[in-house]
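Protein chains: 2
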Amino acid sequence: MAHTRQPTRERILDAAEALFAQRGFEGVSVRQIMSQADADVSLAYYHFKSKRDLFDQVMLRKVEYLNEIRLQALEEVEERHRDDEPSVEEIIGAFTRPLLQLLADDHEKWSHYFQLIAQINNSPEMGGELMSRYFDPLVSRFIDALKKALPDSGPADLYWSYHFLSGALTLTFAETGRIDNLSGGVCKSTDIAAVDERMPEFLAAGFRALCSR
Amino acid sequence: MAHTRQPTRERILDAAEALFAQRGFEGVSVRQIMSQADADVSLAYYHFKSKRDLFDQVMLRKVEYLNEIRLQALEEVEERHRDDEPSVEEIIGAFTRPLLQLLADDHEKWSHYFQLIAQINNSPEMGGELMSRYFDPLVSRFIDALKKALPDSGPADLYWSYHFLSGALTLTFAETGRIDNLSGGVCKSTDIAAVDERMPEFLAAGFRALCSR
DNA sequence: ACTAGTATTCAACGCTCGTTGAATTTAGCG
DNA sequence: CGCTAAATTCAACGAGCGTTGAATACTAGT
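In order, the protein sequence lines correspond to chains A and B. If you count the first sequence from 1, position 22 lands on 21 in numbering that gives the first Met the number 0, and the numbers rise without skipping. If you count the second sequence from 1, position 28 lands on 27 in numbering that gives the first Met the number 0, and the numbers rise without skipping.
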């Protein structure tokens with residue numbers, strides 16, 4: 000069975016995603032992207048308006064799907080608990096698990112995109128604007144669900160708890176290899192299953208400690 | 000009382016720190032740095048070997064002091080608990096509080112440096128190497144202390160818990176303003192006291208949940 | 001005042017950057 | 001085939017990049 004080449008536009012987006020994830024927006028040139036996509040430099044400006052537009056399209060290409068599967072996971076949890084309240088673990092799991100599963104199941108396809116998110120989330124320049132634009136509607140939905148599960152929480156505590164969650168999750172996405180060094184090989188940055196197994200439990204305990212005072 | 004100008008080398012380091020923190024290593028040119036430092040471009044290469052060397056010196060300038068005050072805070076906690084075991088909160092507080100206090104007390108001086116750390120920690124390219132080089136000796140010391148406070152912890156659980164801590168802490172350093180948007184103004188990225196007040200409690204609960212199974 | 005060393009300025013190097021317009025090839029369709 | 005529109009190539013633009021070497025100004029110590 001012969002191999003049909005991907006459309007050029009997709010090849011460019013793939014190359015841009017991989018390179019932006021490694022070195023950031025400014026650390027990559029359009030020429031490097033097009034070289035990796037095996038296409039002429041000027042083709043970038045046939046398919047996209049500018050380097051910045053290319054970057055935005057890389058972001059947009061996958062973000063909607065991510066928001067869909069996470070919302071769906073939350074709705075399933077709420078469906079399952081039509082009569083009682085869902086636990087904090089389950090709500091947090093609905094937030095983290097869909098992404099961690101994608102990353103674990105098709106690492107090749109998703110790792111670069113999540114690395115990009117990790118960098119953006121921690122970028123003083125773009126973090127506030129981009130993350131809010133792409134994710135805050137969904138995040139607000141999750142915070143509402145958590146507010147019901149933690150009815151005694153003060154108004155600020157839930158937001159700060161989510162902030163801690165966000166930091167923990169996106170550092171996982173970065174897959175820097177630091178935990179490999181620190182643990183002397185006991186843990187591996189790419190072992191997403193190990194994270195999936197621990198993160199909801201860890202964070203739920205934090206939420207409860209802070210939002211039940 | 001007249002104002003004495005800072006030595007040129009320090010002015011360059013200050014300018015580089017601020018700009019690298021905002022836009023990353025690749026996003027800033029030596030010319031921009033020297034323009035902000037109000038000095039000729041070529042002076043950068045009199046005081047430093049290269050752009051990369053300048054970046055390294057920015058990092059090195061403050062990292063030792065940070066490691067010192069955190070180690071000291073840990074030793075004080077251990078001193079205070081010569082007979083019993085220190086609590087997980089206290090150990091984590093010794094890790095986070097010295098930095099958060101610096102940031103709260105002299106924001107002007109420290110905010111850019113911590114923003115830089117936030118970006119590096121989440122950079123797939125540099126995160127593993129640089130963070131390990133600069134911080135892992137100290138972190139190992141803290142993990143040993145936590146192991147004593149959590150004697151039933153499995154070998155991987157402590158490292159993953161620290162990983163979550165690291166992500167939560169460095170996202171705080173980034174001060175992206177996202178939590179301002181998300182909370183509609185209830186929380187502010189720059190309100191470090193609010194973080195200091197919540198982080199040890201939140202994280203200690205997570206550590207205990209994961210490392211006491 | 002002379003000197004030695006430090007600090008700073010000036011001009012330039014080769015190279016890469018993002019971007020563009022025009023020319024060319026390719027693919028779909030009557 | 002012949003026409004049209006989409007896709008791709010080619011060559012180049014002005015600007016900015018990191019870096020360097022030589023010339024100049026400043027600052028101590030004698």
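Note that beta-carbon positions come from the ideal geometry of N, C-alpha and C, so glycine has one too. Because the structure is a prediction, the values reported are computed rather than measured.
In this structure, residue 26 of chain B sits away from residue 175 of chain A, with a CB-CB distance that is not shorter than 9 Å. Check the Cα spacing between residue 163 of chain A and each of B/167, B/94, B/122 and B/118: the tightest is with B/167. If you draw a straight line from the Cα of residue 70 of chain A to the Cα of residue 78 of chain A, it is about 12 Å long.
In the three-state reduction of the DSSP assignment, residue 160 of chain B falls in the helix class, which pools H, G and I.
If you check the CB distance, residue 131 of chain B and residue 177 of chain A come in under 9 Å. Of all residues in the region 175–188 of chain A, only 175, 176, 177, 178, 179, 180, 181, 182, 185, 186 and 188 come within less than 8 Å of chain B when Cβ atoms are compared, listed by chain position.
Annotation: the continuous alpha helix (DSSP H) that includes residue 59 of chain B extends over 50–79. The region 70–148 of chain B contains, as complete alpha helix (DSSP H) runs of 4+ residues, the segments 87–104, 106–120 and 126–148 (chain order). Boundaries of the alpha helix (DSSP H) harbouring residue 29 of chain B: 29–35, taken from the DSSP string. At the C-beta level, residue 31 of chain B and residue 42 of chain B stay beyond 9 Å of one another. Taking a Cβ-Cβ threshold of 7 Å, none of the residues of chain A is close to residue 19 of chain B; the smallest such distance is about 11 Å.
Residue environment for residue 149 of chain A: buried (at least 16 other C-beta atoms within 10 angstroms of its C-beta).
Contact between the region 135–142 of chain B and the region 83–103 of chain A is absent, with fewer than three C-beta pairs closer than 8 Å.
Against chain A, the CB of residue 150 of chain B has no partner CB under 9 Å away; the residue lies outside that interface. Exclusion of the five residues before and after residue 20 of chain A leaves 111, 114 and 115 as the residues of its chain whose Cβ lies within less than 6 Å of its Cβ. For residue 193 of chain A, the uninterrupted alpha helix (DSSP H) segment begins and ends at 191–210. Residue-level contact check: residue 200 of chain A touches chain B, since one or more beta carbons of chain B fall below 9 Å from its beta carbon.
Taking residue 53 of chain B as the centre and dropping the five residues before and after it, the same chain places the C-beta of 15 and 47 closer than 6 Å to its C-beta, in chain order. By the CB criterion at 9 Å, residue 117 of chain A and residue 169 of chain A fall inside the cutoff.
Cβ neighbours of residue 195 of chain A within its own chain (closer than 8 Å, five residues either side excluded): 95, 96, 99, 100 and 103.
Remark: C-beta atoms of residue 123 of chain B and residue 36 of chain A do not approach each other more closely than 9 Å. Using a Cβ-Cβ cut-off of 8 Å, residue 66 of chain B is close to nothing in chain A; its nearest Cβ partner there is about 15 Å away. When Cβ-Cβ separations below 9 Å define contact, residue 128 of chain B makes contact with chain A. Assigned with DSSP and collapsed to three states, residue 3 of chain A falls in coil, not helix or strand.
Residue burial annotation: residue 161 of chain A is buried, with at least 16 other C-beta atoms found within 10 angstroms of its C-beta.
In the three-state reduction of the DSSP assignment, residue 166 of chain A falls in the helix class.
Contact with chain B is found for residue 173 of chain A, since one of that chain's Cβ atoms lies less than 9 Å from the residue's Cβ. Annotated as distal: residue 158 of chain B and residue 211 of chain A, with beta-carbon spacing of 9 Å or more.
Note that the C-beta distance between residue 208 of chain A and residue 201 of chain B is below 9 Å. Using a Cβ-Cβ cut-off of 9 Å, residue 35 of chain A does not count as an interface residue toward chain B, since no Cβ of chain B sits closer than that to its own. If you check the CB distance, residue 199 of chain A and residue 107 of chain A do not come in under 9 Å. A residue is called buried when at least 16 other Cβ atoms come within 10 angstroms of its Cβ; residue 192 of chain A does not meet this threshold and is exposed. The alpha-carbon separation between residue 22 of chain B and residue 81 of chain B amounts to approximately 46 Å. Apart from sequence neighbours up to five positions away, the residues of its chain that approach residue 109 of chain B with a beta-carbon distance below 6 Å are 101 and 102, ordered along the chain.
Taking a beta-carbon distance threshold of 9 Å, residue 46 of chain A does not count as an interface residue toward chain B.
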